[in-house]
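Beneath this line is the structure, given in C-alpha cells, with notes to follow.
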Amino acid sequence: MASARERVGKIVRLLRRHYPQARTALEFRSPFQILVATILAAQCTDARVNTITPGLFRKYPTAADLARADREELEREIRPAGFFRNKAKSLLGASRRIVEAYGGAVPGAMDELLTLPGVARKTANIVLSAGFGKAEGIAVDTHARRLSGRLGLTGHDDPVKIERDLLALVPRKDWLDLNFLLVEHGRAVCRARKPRCGECFLCELCPSAATFLKGTGSGR
DNA sequence: ATCCCGAGGG
DNA sequence: CCCTCTGGAT
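Under this note's numbering, the residues of the first sequence are numbered 279 to 498, in order.
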C-alpha cells in the first residue's frame with residue numbers, strides 16, 4: 279500500500295509536469311507588485327486584476343508612493359476588483375507600515391509580513407514564494423483547500439491544519455511549487471462548480487472523481 | 001440566484 | 001462562530 283507521502287509525491291510530480299509555467303508566471307514582478315496583486319486578487323479573477331494593475335503600478339510604482347495615495351482616488355482605481363474599500367484600506371495600511379517599519383521595502387519574512395494590515399497567512403505565503411522565491415509555508419486558499427479535500431490529501435478541512443499536514447507530508451524542496459500548483463489546479467480544473475474531471479490528469483488518484491463523473495457531463 | 005483566489009471584526 | 005465587504009462569472 280502506498281503511503282500518504284508517496285501518494286502526495288506522485289500528485290506533486292504530476293502537477294509540476296502539467297503546469298511547468300506556474301511558478302515563473304509572476305517572476306518578473308517585484309515583491310511590492312506581488313503583494314498588491316495578491317491583495318487585489320481576493321474574491322476576484324486574475325483577468326480582472328490584470329486590467330487594473332498596469333495603471334496602478336504606473337501611478338504608484340513603490341510602497342512609498344502608495345502610502346501617500348489619496349484613499350478615494352485609490353478606491354476608484356481598484357474598484358473593478360471588488361471589495362474596493364477593504365482592499366484600499368489594506369493597500370494603504372500595508373504600504374504605510376512598509377515605509378515606517380521596513381524602510382519602504384516589502385519585508386521577506388513570514389512574521390514581518392503578518393504584521394502588515396490586510397495580510398494573513400495565505401497572502402504572506404504567496405508574497406514569500408512569488409516575490410522572494412522562498413517558501414516558509416504552503417498557501418491554502420479556497421482552491422487549494424477544495425483540491426486537498428477532494429484528493430483526500432489530509433484528513434482536515436481547516437486551512438491551518440491542511441497546511442500543517444501538507445508541510446509534514448511534502449519535502450521542503452516542493453513547498454515553493456505547491457504554492458502555485460495547488461491554487462492553479464484548483465482554479466483551472468478542480469473548480470468548485472463543475473470540476474473538469476474528464477480532463478484531469480489526477481483522475482486515477484482522486485477518490486472524488488467518480489462522484490463527479492456520474493451521468494453525462496460533470497457535476498451539476 | 002448563487003458562488004467565489006481573504007481578512008478583519010463582532 | 002458568525003458576519004461583512006464587491007463585482008463578475010456561471
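For every residue, glycine included, the Cβ atom is placed at its ideal position computed from N, Cα and C.
Sequence-distant partners of V467 (beyond 5 residues in either direction) whose C-beta falls short of 6 Å from its own C-beta, in its chain, are R474, C478.
By the Cβ neighbour-count rule, T489 is exposed, with fewer than 16 other Cβ atoms within 10 Å of its own. Secondary structure of H434 (DSSP, three-state): coil. Cα atoms of L293 and E441: separation of roughly 18 Å, rounded to the nearest angstrom.
In the structure shown, E414 adopts coil according to DSSP, grouped into three states. Here L429 has C484 as same chain residues with Cβ atoms under 6 Å from its own Cβ, once five neighbours each way along the sequence are excluded.
When secondary structure is reduced to three states using DSSP, Y380 falls in the helix class. Per DSSP, the unbroken alpha helix (DSSP H) holding R326 starts and ends at 324-337.
Using a Cβ-Cβ distance cut-off of 8 Å, the region 332-346 and the region 422-436 are not in contact, since fewer than three pairs of beta carbons, one from each stretch, lie closer than that value. Residue range 341-345 is occupied by the alpha helix (DSSP H) that includes D343. Note on geometry: alpha-carbon atoms of G433 and A282 lie some 11 Å from one another. Residue nearest to Q321 within the set D452, T420, N328 is T420 (criterion: CA-CA distance). When Cβ pairs closer than 8 Å are counted between the two stretches, the region 368-377 is seen to touch the region 344-355, the count reaching three or more. Here the alpha carbons of F310 and A325 stand approximately 19 Å from one another. Closest in alpha carbon position to R291, among L456, N403, A408, is L456. Membership of S426 in the alpha helix (DSSP H) is indicated by the continuous run 420-429. The continuous alpha helix (DSSP H) containing F458 extends over residues 453-466. With contacts defined by Cβ atoms closer than 8 Å, A487 and R424 do not form a contacting pair. In the three-state scheme derived from DSSP, where H, G and I count as helix and E and B as strand, C475 is classed as helix. In this structure A413 touches L454 by the C-beta definition: roughly 4 Å separates them, less than 8 Å.
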